[in-house]
Amino acid sequence: MISKQIFGHLPDGRAVEQISLINANGMQIDILNLGGIIRRWLVPTPSSEQVDIVLGFDTVEDYLADQAYLGALVGRYANRIKHGKFTLKETRYQLDANQGGNSLHGGVDGFNRRLWQTSVISQALNPSICLQLTSEDGDQGFPGQLKAEVIYTLTEENSLRIEYRASTDQATLYNPTQHSYFNLAGHQSGDIDSHQAQILASHFTPTDSNAIPSGELAPVANTPFDLRELTPVKVGLASSHEQIKFGSGYDHNWCLDGYRADLQQPFFAAMALETQSGRKLIVNTTMPGVQLYTANFLGSEPIGKEGVSYQGNGALCFETQFYPDSPNQPHFPSAMLEKGQTFYAVTEYQIVL
Ligand code: GLA
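The numbering of the sequence shown is this note's numbering, which starts it at 1 and goes up by one.
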C-alpha cells in the first residue's frame, strides 16, 4: 500500500511530499520527494510496537540545515573527488570544492537537496515509486545533461530495493548512493555499541588524513578493516590504527569481493546485526564498493525526530558506490557514463526481523 501526505514546504513555496510504502508484514518506509530522503523506516516487533531504525528530522527546515545527508540520495558523485578536479575525454573539469578543499557528495547543491518528480509504479504487494530528476549541463561543475531515475520498492521479503538508472547527452560521471543512517535498536538509541558488522571484502582503499584514497588497494587482513566475519563495530572504533584515526572511526571504502562489471543482479556485500533485538540489515548491491561510515561527525544539530539529539557514532551507513576519487585513479572501476549508455545499478537493504 502507498499513502501520501504533505510534509512541509520549501522556502519558495513548493510542497514537500512524504510517500509511505507499507507492506503486508507491517513494515513502513516514509520517503520524501525532497532528496529522495528515507525519513522513517518502521519495523514491526513481537510486542507489536514499531521501531524506527533510521535517523531523520521532523521538518523541511531541519533537512535544509542538515550537513550530514541523513537518509538522502546522493549525486552526481557520492563521496570525494580530490580538489574537485578531473579530466574526461581530454577536458579538465573543476567542481565545487565544498568540503576541506575536495568535492563531496556532488557539491553544495547536490541531488540530496533537489525536489524529485515522483510517480507510483505499484500500489499492491510490493509498493513501488519512481523518482526522477534532470540535472542540467554544468550542474555543480559536472558536464552533460543527466537524466536520473531512482525506483524504490518495498518487497514482501522486507527489502527496500533501490534501482538507479541514468542517461546523459555528453560523457559525464555518475556515482549515486543512498545515505541512510541505520540504528537497528531504534533511531533514539544513542550509540551502536550493540551492533556487529560484516563486509565481504578482502581489500579496502586507505586514505590520507583528508579522506582521499592513496590509490592503494590494501589487504584487510590483520587490520580493523577485516570485517569478513561479523565483528562488533566498537572493537574497530577503539583501535589505534592510523586509518581509524584519520577517519575518526570507520569512514572508508571497501572493495567488494563479489563485484563484477555489468552485474544486473545484486550480490551479498555486507550486513549488520543488532545483538539485543537480533535484527539484521543485509546489504546487496551491484556496485564495486561500500563506504562504512559510523556517523563520526554527526552532531546534535539539528535536533532529530521526536526531539532526539543525535550523537557521533549513533548510527551506521552502508553507502554503496564507486570508490572515492575514482576519476583520478585509473585502476579503480570507472564511474564514467557516456552518451548513449544507460547507467543501471541496484542496492537492496533487507531487514531480517
Ligand atoms: C560520507 C563521508 C563522510 C561524511 C558523511 C556525511 O560518509 O565519507 O566523511 O562526509 O558522508 O556527513
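Just so you know, even glycine gets a beta-carbon here, dropped at the ideal spot from N, CA and C.
Under 8 Å between C-beta atoms of residue i and residue j
| i | j | result |
| --- | --- | --- |
| alanine 148 | leucine 337 | no |
| proline 327 | isoleucine 81 | yes |
| asparagine 158 | asparagine 284 | no |
| histidine 179 | valine 233 | no |
| histidine 252 | glutamine 311 | no |
| valine 43 | leucine 298 | no |
| phenylalanine 246 | threonine 286 | no |
| alanine 315 | leucine 34 | no |
| valine 346 | arginine 161 | yes |
| glycine 289 | glutamine 321 | yes |
| tyrosine 152 | asparagine 112 | no |
| tyrosine 164 | phenylalanine 343 | yes |
Per-residue DSSP class, three states only, for residue i
| i | result |
| --- | --- |
| arginine 76 | coil |
| histidine 83 | helix |
| glycine 110 | coil |
| glutamine 178 | strand |
| leucine 237 | helix |
| aspartate 139 | helix |
| tyrosine 63 | helix |
| glutamine 243 | helix |
| serine 128 | strand |
| glutamate 306 | helix |
| serine 326 | helix |
| glutamate 319 | strand |
Residues bridged to residue i [DSSP beta-bridge criterion]
| i | result |
| --- | --- |
| alanine 166 | Ala148, Phe343 |
| isoleucine 38 | Ile31 |
| alanine 270 | Ile199, Val283 |
| serine 336 | This sequence places methionine at residue 336; serine is not what is there. Bridge partners of methionine 336: Leu173. |
| arginine 92 | Thr87 |
| arginine 14 | In DSSP, arginine 14 forms no bridge with anything. |
| alanine 218 | Phe204 |
| leucine 434 | No answer is possible for residue 434: it lies beyond the span of the chain, which begins at 1 and ends at 353. |
| asparagine 253 | Thr205, Gln291 |
| phenylalanine 297 | Its beta-bridge partners do not exist; DSSP assigns none. |
| proline 232 | Gln196 |
| tyrosine 349 | Leu160, Val283 |
Span separating the alpha-carbon of residue i from that of residue j
| i | j | result |
| --- | --- | --- |
| threonine 118 | glutamate 136 | 19 Å |
| histidine 203 | isoleucine 53 | 29 Å |
| alanine 400 | glycine 106 | For residue 400 there is no data in the structure shown, the boundaries of the chain being 1 and 353. |
| asparagine 222 | leucine 115 | 45 Å |
| phenylalanine 86 | glutamine 145 | 18 Å |
| glutamine 341 | tyrosine 174 | 12 Å |
Near the ligand GLA: residue i beta-carbon under 7 Å from a heavy atom
| i | result |
| --- | --- |
| phenylalanine 318 | no |
| glutamine 291 | yes |
| histidine 105 | yes |
| aspartate 251 | yes |
| alanine 68 | yes |
| phenylalanine 297 | yes |
| asparagine 79 | yes |
| alanine 211 | yes |
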